[in-house]
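Have a look at the structure below before the remarks.
2 protein chains.
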Amino acid sequence: MKPEEVWDPRGLRLRQVRDRLHESRLDALLVSHLPSIRWLTGFTGSSAFLLVEPGSATLITDFRYRTQAAEEVGDAISVRITGSDLFAELALCLEEGDSGPRAGFEDHNLSVRDRRALGECCGGVMWEAAGPLMDALRSAKDSSEIESIARAVQVAERALVEWLGAVREGASERELAAELVYRLHLAGSESMPFDPIVASGPRSALPHAHPGERRLREGDLLLVDFGARVEGYCSDMTRMFVLGSPAAWQVEIYRVVSRAVESAIEATEAGVPARSVDGAARDVITGAGFGDRFGHGTGHGVGLEVHERPSVNARSRDTLESGNVVTIEPAVYLPGRGGVRLEEVVVAEEGGRRVLTTFPRDLKEL
Amino acid sequence: MKPEEVWDPRGLRLRQVRDRLHESRLDALLVSHLPSIRWLTGFTGSSAFLLVEPGSATLITDFRYRTQAAEEVGDAISVRITGSDLFAELALCLEEGDSGPRAGFEDHNLSVRDRRALGECCGGVMWEAAGPLMDALRSAKDSSEIESIARAVQVAERALVEWLGAVREGASERELAAELVYRLHLAGSESMPFDPIVASGPRSALPHAHPGERRLREGDLLLVDFGARVEGYCSDMTRMFVLGSPAAWQVEIYRVVSRAVESAIEATEAGVPARSVDGAARDVITGAGFGDRFGHGTGHGVGLEVHERPSVNARSRDTLESGNVVTIEPAVYLPGRGGVRLEEVVVAEEGGRRVLTTFPRDLKEL
Chain A
-1 MKPEEVWDPR GLRLRQVRDR LHESRLDALL VSHLPSIRWL TGFTGSSAFL
49 LVEPGSATLI TDFRYRTQAA EEVGDAISVR ITGSDLFAEL ALCLEEGDSG
99 PRAGFEDHNL SVRDRRALGE CCGGVMWEAA GPLMDALRSA KDSSEIESIA
149 RAVQVAERAL VEWLGAVREG ASERELAAEL VYRLHLAGSE SMPFDPIVAS
199 GPRSALPHAH PGERRLREGD LLLVDFGARV EGYCSDMTRM FVLGSPAAWQ
249 VEIYRVVSRA VESAIEATEA GVPARSVDGA ARDVITGAGF GDRFGHGTGH
299 GVGLEVHERP SVNARSRDTL ESGNVVTIEP AVYLPGRGGV RLEEVVVAEE
349 GGRRVLTTFP RDLKEL
Chain B
-1 MKPEEVWDPR GLRLRQVRDR LHESRLDALL VSHLPSIRWL TGFTGSSAFL
49 LVEPGSATLI TDFRYRTQAA EEVGDAISVR ITGSDLFAEL ALCLEEGDSG
99 PRAGFEDHNL SVRDRRALGE CCGGVMWEAA GPLMDALRSA KDSSEIESIA
149 RAVQVAERAL VEWLGAVREG ASERELAAEL VYRLHLAGSE SMPFDPIVAS
199 GPRSALPHAH PGERRLREGD LLLVDFGARV EGYCSDMTRM FVLGSPAAWQ
249 VEIYRVVSRA VESAIEATEA GVPARSVDGA ARDVITGAGF GDRFGHGTGH
299 GVGLEVHERP SVNARSRDTL ESGNVVTIEP AVYLPGRGGV RLEEVVVAEE
349 GGRRVLTTFP RDLKEL
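Those protein sequence lines, which keep their order, are chains A and B. So in our numbering, spot 3 of the first sequence is number 1, and the numbers just go up one at a time. So in our numbering, spot 241 of the second sequence is number 239, and the numbers just go up one at a time.
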């Protein structure tokens, strides 16, 4: 048995949450965001609350997940199956529980309507917005989480190699996206973290293009932005190809973006403000005269969610911590002509970084 | 040119929203739920607000969607691209706008944190929870929406036929799910409304099973719950197969569920309480002695979202309207042995119903 199969991180994570609650003078925390529930309990269902109290943790879900919850959730966490709805069961649970009157809730996740339901069903509790408490805990990954993301990168890269065999002139973006999803699944991706973007020719200048009916032609730029999911953890990467020989303008923007990637990777390190990583990429692009052609942030955290903390953009207030896993994805978009985006997955470490993506970043001719 | 390509429903839908605002004494509505934004504007991006005022409608999105928004959104709707964030642009828009001080927001969709941001950025406005105003409007589909759902059913059924050729003893659930997604894409599904459920043997008793490594064996029940998406609209259906000859207990629960489906379909009609459709299915299952083996609701609305109004369960307060499109998906789950679920897509009409799913419902032997 390998060591990582023995160690169960859930006890440590629950202790971290309880420490934060103590600091925030909260007696309990209602976790409603499903990726955070998965992180704390292992539960992968689509409907649940988790109530963390000083002496207990209780997962509340419904009938559909009775068997699954029992299998997935460890001994340290009780499971309650509701006969009606999550709020009613939560009220029962709070009545029987050992916590005081001040409970936190995840205000970035709970809707205004659900917040009202919370007040109505659990009136004896003083509910307080807990802020991004869970997001902050989840953003610094441990080694087993980083290995899961690395495996999700490997699965994505294996699928990309297989997929390149199917790329040919005349194929539509939609067909190519279908081929890519198929190969991602066969390579071991549990699900799609997001629908792959396959954008060709002028459509590569649309930062979030849906794959469409456009068919590949000689001279096209081909952008593919995709990821895999392994043990719940996501990868997210972008590579560029060109059908035939690239035109001078394609090579020019490709080189600028490639230098921006290198500069941002060099800047990634624990202790550094995330906005300075954005600045490192943006300065290269602005210096080359394309500053107004790169309108989005340089990257984002990736983990159980494909977009999570920290933000890597000019307005980010996050400081990189050791174990943060972020994408670096600068771009130059020339509307009507085409765009280049390259995207890497990078782990911030003390005094450096580790790049998880390994597929060559050059503008490969197909 | 076909008539449905000429008629643009967006003007009518905006008028319906404005009528509801007038009834609710609201001067404007902030629409934040993306499927509702798509329904009103055609915009398919992943980040936007829509502000509906008496004399104008404004879509606010970011740089990434500049080109796409211009293409997708009709002339009746202005587009504003934010240089910072949606809230700041919304504040500018409200300052310049023609509406009074009372504005509604979608409280089922807006998080507590975003509600606070709304108060901070747009302080001159009195924000009020608008309730499920948009959901109610969207739940009664027009004929072009029903035809889109019908096409999504057809795509799903074509893929199912193709997929059955790949089902054989020894294949894993995960491989079979990958094959199904591939065929759904090739058949014309724009994306997956949800990850298909492929559950075999005892795992068919898990109502929301993830496809796993279990391999198909002689005598297994095989449950497949999947859908397609066409023009944004979803289908959602479930069929059962058995590898080889079914055992007596498999035939027994299959027959019970099949009768429950027929009974619920018969009960589906405009003007009827949705909970009585649930009751029609549940009575059959309870009468057969399996009442405690059917723990979820009978169905849900389907449209631009795979789960939307109306709810078809015992606690539903919805009354079916003409044009509601709902799933009917009763089940019997025998833990450790296996389960049977069958799922149809049905349109409620005046004095009757139309069943959109056409794939035979019998327990097909493979």
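We put the CB at the ideal spot given by N, CA and C, even for glycine.
For the 8 Å CB-CB criterion, A:Ala185 and A:Ala101 do not form a contact. Around B:Thr42, the beta-carbon contacts reaching into chain A at under 9 Å are His208. For the 8 Å CB-CB criterion, A:Val270 and A:Ile147 do not form a contact. A:Gly230 carries a coil assignment under DSSP once its states are collapsed to helix, strand and coil. Apart from the 5 residues on each side of it in sequence, A:Gly168 sits with its Cβ closer than 7 Å to the Cβ of Arg213 and Leu214 in its chain, given in chain order.
At least one CB atom of chain A sits nearer than 8 Å to the CB of B:Ser109. Our two residues, A:Pro244 and A:Glu216, have alpha carbons roughly 10 Å apart in a direct line. Around the C-beta of B:Trp161, 16 or more other C-beta atoms lie within 10 Å, and the residue is accordingly described as buried. Proximity of chain A to B:Arg113 at the Cβ level (cut-off 7 Å) is accounted for by Val110, in chain order. B:Ser109 and B:Tyr331 have their C-alpha atoms some 36 Å from each other. Straight through space, the alpha carbons of B:Gly301 and B:Val228 are spaced by roughly 10 Å. Closest in alpha carbon position to B:Ser30, among B:Val50, B:Arg13 and B:Arg18, is B:Val50.
For A:Ser309, same chain residues with a beta-carbon under 7 Å away, outside a window of 5 residues either side, are Ala272, Gly295, His298 and Asp316 in chain order.
Under the Cβ distance rule, A:Ala154 does not count among the residues neighbouring chain B, no pair being separated by less than 8 Å. When the alpha-carbon of B:Phe41 is set against those of B:Ala346, B:Gly53, B:Glu327 and B:Arg62, the nearest one is in B:Arg62. Looking at the DSSP output, A:Ala127 bridges to A:Phe103. Using a CB distance below 8 Å, the part of the segment 288 to 321 of chain B facing chain A consists of Gly293, His294 and Arg313, ordered along the chain. Three or more Cβ pairs closer than 8 Å define a contact, and the segment 232 to 243 of chain B falls short of that threshold against the segment 261 to 270 of chain B. For A:Ile283, the three-state secondary structure derived from DSSP is helix. Residue range Gly336 to Arg339 is occupied by the beta strand (DSSP E) that includes A:Arg339.
For B:Glu87 and B:Ile79, the gap between their C-alpha atoms comes out near 8 Å.
Of all alpha-carbon atoms in B:Arg36, B:Ile144, B:Glu118 and B:Thr59, the one lying nearest the alpha-carbon of B:Ser82 is that of B:Thr59. Assigned with DSSP and collapsed to three states, A:Ile79 falls in strand.
For A:Pro333, the chain B residues whose Cβ falls inside 9 Å of its Cβ are Arg64 and Thr65, in order along the chain.
Residues of chain A with a Cβ closer than 9 Å to the Cβ of B:Val179 are, in chain order, Ala176, Val179, Tyr180, His183 and Met190.
Going by C-alpha positions, A:Asp96 is about 54 Å away from B:Pro358.
Nearest CB-CB separation between B:Phe61 and chain A: below the 8 Å threshold. Under DSSP, A:Asp223 forms a beta bridge with A:Ile195 and A:Thr236. Taking the Cβ atoms as the reference, A:Ile251 lies roughly 7 Å from A:Phe288, within the contact range of under 8 Å.
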